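Novice: For the protein sequence lines, the chains are R and Y, in the order given. So the first sequence is numbered by this note's numbering: it starts at 9 and just counts up by one. So the second sequence is numbered by this note's numbering: it starts at 561 and just counts up by one. Virtual Cβ for every residue (Gly too), placed ideally from N, Cα, C. None of these values were measured; they are calculated from a predicted model. Quick one: the structure is below, and I'll ask about it shortly.
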Amino acid sequence: MIVADKKPIEEIIETIKEYTNILLLGCNECVTVCEAGGKKEVEILASALRMYFLNKGKEVHIDEITLERQCDHEYLEEIRDRMDQYEAVVSLACGVGVQFMAEKYQSTPIYPGVNTCFLGVTEQRGVWSERCQACGQCVLALTAGICPISRCAKRILNGPCGGSTKGKCEIDKDLECAWQLIIDRLKALDRLDDYETLFSIKDWSSDRAGGPRKVVREDVQE
Amino acid sequence: MRLSYPVNIKIVRVPCTGKVDIIHILRAFEKGADGVYLVGCMEGDCHFNQGNFRARKRVEQAQKILDTIDIGGERVQMYNLSSSEGPLFAKYAEEMDKRIRDLGPNPIKLAKKKKAA
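Below you can see the structure in the form of structure tokens.
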């Protein structure tokens, strides 16, 4: 899932302080799971903002809506007839949702309510960590299901660098060396031969190096 | 025991303090409550194992939010006691009542009154 973190309330207040009619828009997908931008977080933020502005003597109307997703046309269309009511929207979806809202509703300012962080997993409640950088050319088949692109600080292929010590990365003594993990797992799977397979120079054009990316699938297009 | 405690305290019964969410605490302030405190079972004695620990964390988060928006985080408190500790229940009520009286009314209540006038 896309992992996001809460933005400080002070920052959101600073962004929207000039408006009097605001919509807080949550998203029911990834940001709900990582407890940053779902229905609950929308409720809490709305309540806090209402109290803040009331306390400052400013009359601000704040509505709350949480959509199934903010990255698909059909869900964003659900609020089209209500959008005229609002001077601004704070979207608690990831950066994708914020941008898709902005594309769809050109005349209303859309502000981000969370900081979008990475593609990751829930290690345990309250701890999320990165697992994928969406490089566009998955190498997991040869790396025992452990990604050296997202989990190695240098994103290197073909084994660990000289900074790998006792299974830890040189940038942080608590960070596992991805290549150590890969070798250990290849051993456990009895597939160490995969480690002998040399990766050629990776084509980074399908990563961010090639600019904004797009997937076009004619087979499913209408 | 027939102990007395401040009459201005309204008790909201919940099956477990783990049921109380941050939004419930915030809504109480939005509606004009001057203070909110949760009384849970002793830590380690929760029938649902984690309920009172969750409640404590939520109280801490509510405190942070209330501090950020200038309402005052000290208006929220978590207490723990066992069901046989009636005198302690009354003591906590007195303690919270005194703290809130020292802090004064909820600014939201005052702002609402000002708006209505």
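Relative to chain R, which residues along the segment 624-656 of chain Y have a C-beta separation below 7 Å, given in chain order?
Specialist: Result list: 625, 628, 629, 630, 631.
Novice: Report the neighbours of residue 63(R) on chain Y: residues whose CB is nearer than 8 Å to its CB, in chain order.
Specialist: What residue 63(R) touches in chain Y: 629, 630, 631, 667, 668, 671.
Novice: Comparing alpha-carbon positions, which option in 140(R), 173(R), 171(R) lies nearest residue 157(R)?
Specialist: With distances taken between Cα atoms, residue 157(R) lies closest to 140(R).
Novice: Counting only C-beta atoms, is residue 115(R) closer than 8 Å to chain Y at any point?
Specialist: No, residue 115(R) lies away from the interface with chain Y (no Cβ there is under 8 Å from its Cβ).
Novice: Quick one: give me the first and last residue of the beta strand (DSSP E) that residue 656(Y) is part of.
Specialist: Residue 656(Y) -> not in any beta strand (DSSP E); alpha helix (DSSP H) instead, spanning 646-663.
Novice: Excluding sequence positions up to five away, which residues of its chain have a Cβ less than 6 Å from the Cβ of residue 171(R)?
Specialist: Result list for residue 171(R): 178, in chain order.
Novice: One question on the structure: do residue 6(R) and residue 154(R) come within less than 8 Å of each other, judged by their Cβ atoms?
Specialist: No answer is possible for residue 6(R): it lies beyond the span of chain R, which begins at 9 and ends at 230.
Novice: DSSP three-state label for residue 602(Y), please.
Specialist: Three-state result, residue 602(Y): coil.
Novice: With residue 612(Y) as the anchor, note down where its alpha helix (DSSP H) starts and where it stops.
Specialist: Looking at the DSSP string, the run of the alpha helix (DSSP H) that includes residue 612(Y) is 611-628.
Novice: Got a sec? Which residues, its chain only, sit under 6 Å from residue 577(Y) by beta carbon, not counting five neighbours each side?
Specialist: Cβ within range, chain order: 598, 600, 611, 612, 615.
Novice: Tell me whether the beta-carbon of residue 595(Y) lies closer than 8 Å to the beta-carbon of residue 562(Y).
Specialist: Against a cut-off of 8 Å, the Cβ pair of residue 562(Y) and residue 595(Y) comes out as no contact.
Novice: For residue 582(Y), which residues in chain R fall below 7 Å Cβ to Cβ?
Specialist: Here the neighbours are 52.
Novice: How long is the line joining the alpha carbons of residue 200(R) and residue 104(R), rounded to whole angstroms?
Specialist: C-alpha separation (whole angstroms): 39 Å.
Novice: State the beta-bridge partners of residue 176(R) as determined by DSSP.
Specialist: Looking at the DSSP assignment, residue 176(R) forms a beta bridge with 173(R), 184(R).
Novice: Can you name the residues of chain Y whose CB is closer than 8 Å to the CB of residue 17(R)?
Specialist: Result: 625, 628, 629.
Novice: Let me check understanding here. Comparing Cα to Cα, which of 74(R), 60(R), 93(R) lies closest to residue 629(Y)?
Specialist: If we check each option's Cα against that of residue 629(Y), 60(R) comes out closest.
Novice: With distance defined between alpha-carbon atoms, name the residue in 609(Y), 660(Y), 667(Y) nearest to residue 568(Y).
Specialist: Residue 568(Y) has its Cα closest to that of 660(Y), out of 609(Y), 660(Y), 667(Y).
Novice: Suppose contacts are defined by Cβ-Cβ distances below 8 Å. Is residue 214(R) in contact with residue 160(R) by that definition?
Specialist: Not in contact: residue 214(R) and residue 160(R) (Cβ atoms no closer than 8 Å).
Novice: Of all Cβ atoms in chain R, is any one closer than 8 Å to the Cβ of residue 590(Y)?
Specialist: Judged by the 8 Å Cβ criterion, residue 590(Y) is in contact with chain R.
Novice: Any Cβ of chain Y within less than 8 Å of the Cβ of residue 91(R)?
Specialist: With 8 Å as the cut-off, residue 91(R) does not count as an interface residue toward chain Y.
Novice: With burial defined as no fewer than 16 other Cβ atoms inside 10 Å of the residue's Cβ, what is the status of residue 55(R): buried or exposed?
Specialist: Answer is buried; the Cβ neighbour count reaches 16.
Novice: Could you pull the start and end residues of the beta strand (DSSP E) that residue 30(R) belongs to?
Specialist: First-last of the beta strand (DSSP E) with residue 30(R): 29-35.
Novice: At the 8 Å Cβ level, is residue 663(Y) part of the contact set with chain R, yes or no?
Specialist: No, residue 663(Y) does not count as interfacial toward chain R.
Novice: Determine the direct distance from the alpha carbon of residue 663(Y) to that of residue 73(R), and round the result to whole angstroms.
Specialist: One C-alpha to the other measures close to 35 Å.
Novice: Confirm, please, whether the CB-CB distance from residue 111(R) to residue 77(R) is below 8 Å.
Specialist: No, they are not a contact pair.
Novice: Quick one: list the residues of chain R neighbouring residue 618(Y), beta-carbon separation under 8 Å, in chain order.
Specialist: Residues of chain R passing the Cβ test: none, with the nearest at roughly 10 Å.
Novice: Quick check on residue 38(R): does DSSP put it in helix, strand or coil?
Specialist: Of the three classes helix, strand and coil, the one that applies to residue 38(R) here is helix, per DSSP.
Novice: How far does the alpha helix (DSSP H) with residue 23(R) in it extend, from its first residue to its last?
Specialist: Start and end: 17-24.
Novice: Counting C-beta neighbours from all protein chains within 10 Å, is the total for residue 230(R) 16 or more, i.e. buried, or is it exposed?
Specialist: By the neighbour-count rule (16 or more Cβ atoms within 10 Å), residue 230(R) is not buried but exposed.
Novice: On the three-state DSSP scale, how would you describe residue 75(R)?
Specialist: Looking at residue 75(R) - three-state DSSP - the assignment turns out to be strand.
Novice: List the residues of chain R that residue 587(Y) touches, going by C-beta distances under 8 Å, in chain order.
Specialist: The answer, in chain order, is 55.
Novice: Taking DSSP as the reference, what is the three-state secondary structure of residue 83(R)?
Specialist: In the structure shown, residue 83(R) sits in a helix (DSSP, three-state: H, G or I).
Novice: Nearest to residue 617(Y) by alpha carbon, out of 637(Y), 643(Y), 607(Y)?
Specialist: Per the Cα distances, 637(Y).
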